[in-house]
Amino acid sequence: MKRTIPGLRTLRRLYATFFLLLFLLLLFAGDFRRMQGYDIPLFLELDPLVALSGFLTSVTVYKGMILSLAVVIPTLFLGRFFCSWVCPLGSLHHVTGLGLFNHRPSASHAANSYKPMFRWKYHLLIFFLIVSLLGGMQAGLLDPIALLFRSLTVAVLPMLDGLGFPIYPRTPVFQGGLLIATLFLLILAANRFMPRFWCRVLCPLGALLGILSRFAPLGIQRDVDLCSHCNRCLHHCQGGCDPHAAWRKSECHLCMNCIADCPEGALHYGLPKSRSSIHLPLDLNRRRLLETATASLVMLPFMRHALSSVTTDLPTIIRPPGSLAEDDFAKRCIKCAACMRICPTNALQPTLLEGGWEGIWTPILIPRIGYCEHHCVLCGRVCPTGAIRAIAVNEKIGQKPFDTPIRLGTAFFDRGRCLPWAMDIPCIVCEEVCPTSPKAIWYRPVTISNRDGVSVILKQPYLKPDLCIGCGICENKCPVGGEAAIRVSSVGESRSTTNRMLLKANP
Amino acid sequence: MSQHPEKKPPQKVQATWSRRRFVERMGVLAGVSTVLAAGGLWIRGSEPVRHRQEEIFKLKDFRVPESSRHPILAIVHGNHVESMVREAFNTLGGVARFIQKGDRVLLKPNVGWDRLPEQAANTGPELVASVARLCREAGASQVWVTDVSLNDPGRCFVRSGIEQAAQQAGAHVFLPGKEDFRATDMGGKLLKVWPVNRLFHQVDKVINLPIVKHHSLSGCTLAMKNWYGIIGGRRNQLHQDIHTSIVDLAAAVRPTLTIMDATRVLKANGPTGGSLDDVVHHETILAGLDEVALDSLALGHLDLTPDKIPFLALAEARGLGRVRWQDLNRSETQV
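Those protein sequences? They're chains P and U, same order as listed.
Each residue of the first sequence is one higher than the one before, starting from 2 at the first, in our numbering.
Each residue of the second sequence is one higher than the one before, starting from 3 at the first, in our numbering.
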C-alpha cells in the first residue's frame, strides 16, 4: 500500500476549488439586478475570528455569525482544516505560491520547515482579541476573509471592470484603493520568498484555529520505522508544520500533500499507531505573550483619547443608513467592504484617517461620488456583523408603522456658490432631485433687479431641516463643480443622540 | 612586488572590420537615420496633444409625412391601456402609417426615478408594453426601450415595472453605460454639441412616451421636456435656462409619434413625487404628431395655462408646433 487514505489531497483540492469559486460567485453576483445582496456575507459569517471578536466587543453573536460554529466544532476534532480546504485567501496563496516560489528541493525544504517567526500570528491574535475585549473591533484589518473581500471590492473588481470585464454598469472608484491594492499585492508577493507566508506568519484566524485544534485527536501521523528521512514530505507542505520530524498540530493546514508525497507510505491522517512519532504543542513563550497582552491593553485607551469619530462627532463621517451609533459601530464594523460592494451609486467609500486610526477602512458616504438611493437598503442586508442594521424600506423612508425616516445627516446651502443665490442664475436642481415627499428643499420666488437693472424672477432654494434625510443626492447632482453649493454634514443623523441641532428632534 | 608577478586574465580581442562589413553597416545606419528623420518630420505638430477627431453625429428626422385625412391629436379615455393605445393609433391613421415592416423602433418613456408605477413619476409600464406590442405586430424588426435615468438606472427600470413589461412585450431594454453616448450636433440656440444615447443614431423610428407630471422649475414635464432623457454629460446645467433648453431639445429630436400617459397624473412634489396623495387618476392618453399642441393640451391635467409656461410660446416661434391645440384637427373618444 502506497497511501493509507488515497485521495485525501484530491478531495482537499476539490473542496478548495469549490469554496474559492463560491466566494467569487457571491462577490460577483450580489448586486441589485442579480441576487439583491443574497448571502454575500456567507464566508464572513463562517469566520470564527469575526464571530469571536464581535462577541468580545458586544456580547452577542449576530444572526448568521452562528454559522462560524460550523468551522469551530469540526476544528476541535479534525484540526485546522479551514485554511487549506475552505479559506479563499488560503487557496489564493496556495496557487500564488505554486507560481512564484521556486520549488527546488533544497529551497522548499528550507522554506517549508517550521520557523520561530510563525509565532507572530498568535501575538497579532492576542492583540486583536484584547482590543476587542475592551470594545474596539480591529480584527478586520487582518482577518483573511475581510481582507480578501475588501481588496477584491475596492481594488481588484474595479480594476478588472476598467480593463473591459463587464462587472458593473458603471465602473466604481474608491478612495485609497491603491493602498489596499498594494497591501494585497504585497501579501501575495510574499509567497515568492516563502509559500503561504501570510497564512503561516500573519493570519490571526489561522492562529485562532491553531489554538482550537490543540486537542484534536486526529492528525498527521509518521511511522518512525517506515520513514527513511528523505524529507519529500516538506516539498509541498503548506503549513510549515514539520511532518518530517515532530509534527506541529497547530501549524498544519491538513493540505495532505505530505501524505501524497511520501514514497514510503509512512504518513497517514488519523489516530496515532504504536510506532507513530511524537507531536509538538504550540510554540509560545509565556513571557513574550504577556508583553504583547500588556501592550494591547493600553492601545485602546490611547485610541479613545485621540481625535476620532468615536470621541468626537465629525462632520464628514456620514455612515450608511441603519448604522449603529458610532461607539457601537466601532464595536461591530470589520471593514470588510461588503456594503461598498453592494452600494448601487458608489457612494460608500473606505475611510483613510478621516475617522481617526481606529476607523480606518470603515464605510462613509461621500455625496460628491454617489448618494444614498432612497429605497435601497442593501448595505444593511449584506453587513455580516450588524454594524449596519438590516432595515426594511419603510423603516428607512419613515412609512407606517415608522414615524420618522432614517437620517444620515443634514444638507446645508452655501449661498456664496449657489447659482440663484449668488449669481442670479436659475437652477434648483437640488429641489428637483430631492426624494422626500414633501421635498426637504423648497424655494421662494423672488423678483430682483440684476446688474443691468433688468428685473428677473428667481427661485431661491431653502432647506427644511426636519424633512432632510441627508441622502446627498442634492450635493451629488449640484451643477456647481468642485465643492458643491449644497453639502451634507453628519449633524442630525438618526443614530446619534449628540450630533443634533434641532430642539424638536431630540428624542 | 616582484615576487608576486601580476596574473593577467586571458584577454579577448575583437575581429577586424572588413570593408564589406563596414559598408553594409553604414548603409543600414543611414537607412535607419533617414526613416527617423522622415518619421520625425511627419509626426511633428504644433499641438501639445493630438486628439483623434471625434465624429459629430446629427439626429435624423424620424417624422412620417403629414396627412390631412387623419386628425393630428387623439384624446382617448378609458380604463384599459392597450385598447386605448390601439384606438389612438387607429384614429391617427393606423400603426402601419408610422411603423413599416423591418423598422427598428425606439421607445422613449420617462424612467427617471426609482419609483413604483402607482407613484406616477415614470411612464406607466402598461403604456410602454402596449406600444411595444403594437410595433411588433406591425412588423418592427426590433423594439428598444431606453432612458437616461437620474436615480440608479438598474433600480429605475426594475421598480418602474418597465423592464419586465417591455421584455414581455418583445422589446429590448437598453441602459446606456458611459461608452454609449455619441457627440451630437443639437443645432440649438443653447445646446450645441452634446453626448446623445447612441441608440438614437441606430434606429428608424422614435416614439416619445412621456408622462404628465408637475415640475417645479419648468412648471410641468411633458413631451418636449422628456428629451432631457436622451443626453448624458452635465445635463443638470440645463436648468440655468430651462425653457430654451427644452425648445432646443424638441427642435433636435423630431419623433415619429408622441403618446402621453395621463392615466395617473402627478400634480405636486414633482418630478420625483413619492406620495400617493399627489397622484390623481385621469385615465386618459394623448397621442399626436404635434408636441407643442400635446404639451399645451396636457396642461389641463395639471391646472395650468399656456401663458404660465414660457417654453410653449418659444417652441411655437421656432416652428415646432401650435400652442392653440383647439385649432387643430383632433378626435376625442372613450373606449
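Here a beta-carbon is modelled for each residue, glycine too, at the ideal position from N, C-alpha and C.
Going along the chain, which residues of its own chain have a beta-carbon closer than 6 angstroms to the beta-carbon of residue i, five neighbours each way excluded?
i	result
Phe59 of chain U	Arg184, Thr186, His203
Ile487 of chain P	Ala412, Phe414, Cys431, Cys475, Glu476, Cys479
Asn347 of chain P	Pro173, Ile370, Gly371
Leu281 of chain P	Ala247, Arg249
Phe83 of chain P	Val72, Leu210
Arg320 of chain U	Val249, Ala253
Counting only beta-carbon atoms, is residue i nearer than 8 angstroms to chain U?
i	result
Glu432 of chain P	yes
Ile168 of chain P	no
Arg171 of chain P	yes
Ser497 of chain P	no
Lys116 of chain P	no
Cys88 of chain P	no
Lys397 of chain P	no
Cys377 of chain P	yes
Find the residues of chain P that neighbour residue i, judging by a C-beta separation of less than 7 angstroms, and give them in chain order.
i	result
Arg184 of chain U	Those do not exist, as Arg184 of chain U stays about 18 angstroms from chain P at its closest Cβ, beyond 7 angstroms.
Pro273 of chain U	Glu433
According to the neighbour-count rule (16 or more other Cβ atoms, all chains shown, within 10 Å of its Cβ), is residue i buried or exposed?
i	result
His254 of chain P	buried
Lys440 of chain P	buried
Thr307 of chain U	exposed
Gly323 of chain P	buried
Gly482 of chain P	exposed
Gln121 of chain U	buried
Leu224 of chain U	buried
Val328 of chain U	Looking at the sequence provided, one finds Gln at residue 328 of chain U rather than Val. It counts as exposed.
Glu26 of chain U	exposed
Phe78 of chain P	exposed
Thr18 of chain P	exposed
Pro44 of chain U	The residue you asked about is not Pro; residue 44 of chain U is Trp in the sequence shown. By the neighbour-count rule (16 or more Cβ atoms within 10 Å), Trp44 of chain U is not buried but exposed.
Lys336 of chain P	buried
Tyr115 of chain P	buried
Met28 of chain U	exposed
Tyr230 of chain U	buried
Asn286 of chain P	exposed
Which chain U residues sit within Cβ distance under 7 angstroms of residue i?
i	result
Ile318 of chain P	Those within 7 angstroms of Ile318 of chain P in chain U number zero; the least Cβ separation is about 24 angstroms.
Cys334 of chain P	Per Cβ cutoff of 7 angstroms: no residues; Cys334 of chain P is ~24 angstroms from chain U at best.
Leu420 of chain P	Gln242
Lys440 of chain P	Asn271
Which residues in the same chain have their Cβ closer than 7 angstroms to the Cβ of residue i, if we skip the five residues on either side of it in sequence?
i	result
Thr437 of chain P	Leu468, Ile470
Ala264 of chain U	Val214, His284, Thr286, Ile287, Leu288, Ala300, His303
Met304 of chain P	Gly137, Trp358, Glu359
Asn258 of chain P	Arg10, His237, Cys238, Gln239
Asp243 of chain U	Leu192
Cys472 of chain P	Tyr372, Cys373, His375, Leu409, Pro436
State yes or no: is the beta carbon of residue i nearer than 8 angstroms to at least one beta carbon in chain P?
i	result
Lys191 of chain U	no
His241 of chain U	yes
Lys207 of chain U	no
Asn112 of chain U	no
Asn92 of chain U	no
Ser247 of chain U	no
Lys60 of chain U	no
Met3 of chain U	With a pLDDT of only 49 at Met3 of chain U, under 50, the local geometry of the prediction cannot be trusted, and the value read off the model is given with reservation. Not closer than 8 angstroms to any Cβ of chain P, the Cβ of Met3 of chain U fails to qualify, so no.
Ser69 of chain U	no
Leu304 of chain U	no
What does a CB cutoff of less than 8 angstroms around residue i pick up in its chain, not counting 5 residues either side in sequence?
i	result
Glu355 of chain P	Ser310, Leu315, Thr317, Ile318, Ile365
Leu129 of chain U	Val83, Val87, Pro111, Leu211, Ile261, Asp263, Thr265, Ile287
Could you give the C-beta distance for residue i and residue j, rounded to a whole number, given that I count them as a contact under 8 angstroms?
i	j	result
Thr58 of chain P	Ser133 of chain P	5 angstroms
Pro427 of chain P	Leu459 of chain P	6 angstroms
Trp146 of chain U	Val97 of chain U	Not quite, the Cβ-Cβ distance comes to about 17 angstroms (not below 8 angstroms), so this is no contact.
List, in chain order, every chain U residue whose beta-carbon is nearer than 9 angstroms to that of residue i.
i	result
Glu374 of chain P	Asp116, Asn153, Asp154, Arg157
Thr346 of chain P	Asn153, Asp154
So residue i contacts chain P; which residues on that side make the cut at Cβ distance below 9 angstroms?
i	result
Asn238 of chain U	Cys428, Val430, Glu433, Val434, Lys478, Cys479, Pro480
Name the chain U residues whose beta carbon is nearer than 8 angstroms to that of residue i?
i	result
Thr437 of chain P	Gly276
Cys242 of chain P	Those within 8 angstroms of Cys242 of chain P in chain U number zero; the least Cβ separation is about 48 angstroms.
Cys469 of chain P	By Cβ distance, chain U contributes nothing, its closest Cβ being about 14 angstroms from Cys469 of chain P, past 8 angstroms.
Lys460 of chain P	Ser218, Leu219
Starting from the beta carbon of residue i, find every residue of chain P whose beta carbon is closer than 8 angstroms, and list them in chain order.
i	result
Gly179 of chain U	Pro170, Arg171
Leu314 of chain U	Residues of chain P passing the Cβ test: none, with the nearest at roughly 17 angstroms.
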